[in-house]
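Following: one structure in structure tokens, then a few remarks.
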Amino acid sequence: MALTACAASAPSAEAIRLPPPDAALTANCADPRPIPADATAAAQEALWRADRINLANCRDQHRGLVEWARGVVAALNLDR
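Residue numbering for the sequence shown follows the working numbering, starting at 4 and increasing by one per position.
Below you can see the structure in the form of structure tokens.
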């Protein structure tokens, strides 16, 4: 005995078209910069500062991607 009435209650995966996240949210984060062995203290500090800024930007980027995913979940009522 087949229960065909249940088959129509779930949408087909092909029917769901998700908008892609903004390209800025899926871009690769910047790699840490190598510090040359002969770098001065000032040069090291500048490289560390740049790395910290890149790390903060990467964190913000990933937070944005998480918010996008949460929005998709909410739009599809998957967070019940």
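Backbone N, C-alpha and C define an ideal beta-carbon position, used for all residues, glycine too. Every value quoted in this text rests on a predicted model; they were computed, and no experiment measured them.
Using only the alpha-carbon positions, how far apart do residue 81 and residue 39 sit?
As a first step, residue 81 is located in the sequence shown; it is residue number 78 there, counting from the start. As a first step, residue 39 is located in the sequence shown; it is residue number 36 there, counting from the start. Taking the straight line from one Cα to the other gives about 49 Å.
Kindly provide the ranges of any alpha helix (DSSP H) runs that are 4 or more residues long and lie completely inside the region 12 to 77, ordered along the chain.
26 to 29
Below 7 Å between beta carbons: does that hold for residue 57 and residue 33?
Here residue 57 is taken as the residue at index 54 of the sequence shown, counted from 1. Here residue 33 is taken as the residue at index 30 of the sequence shown, counted from 1. In contact: residue 57 and residue 33 (Cβ atoms closer than 7 Å).
Given residue 24, which residues of its chain have a CB within under 7 Å of its CB, disregarding the five upstream and five downstream residues?
Counting from one through the sequence shown, the residue named residue 24 turns up at place 21. Correct list, in chain order: 68 and 71.
Note down, in chain order, each residue of its chain lying with its Cβ closer than 8 Å to the Cβ of residue 64, except the 5 sequence neighbours on either side.
Position 61 of the sequence shown, counted from the first residue, corresponds to residue 64. Closer than 8 Å at the Cβ level, and outside the excluded window around residue 64, lie 27, 28, 30 and 32.
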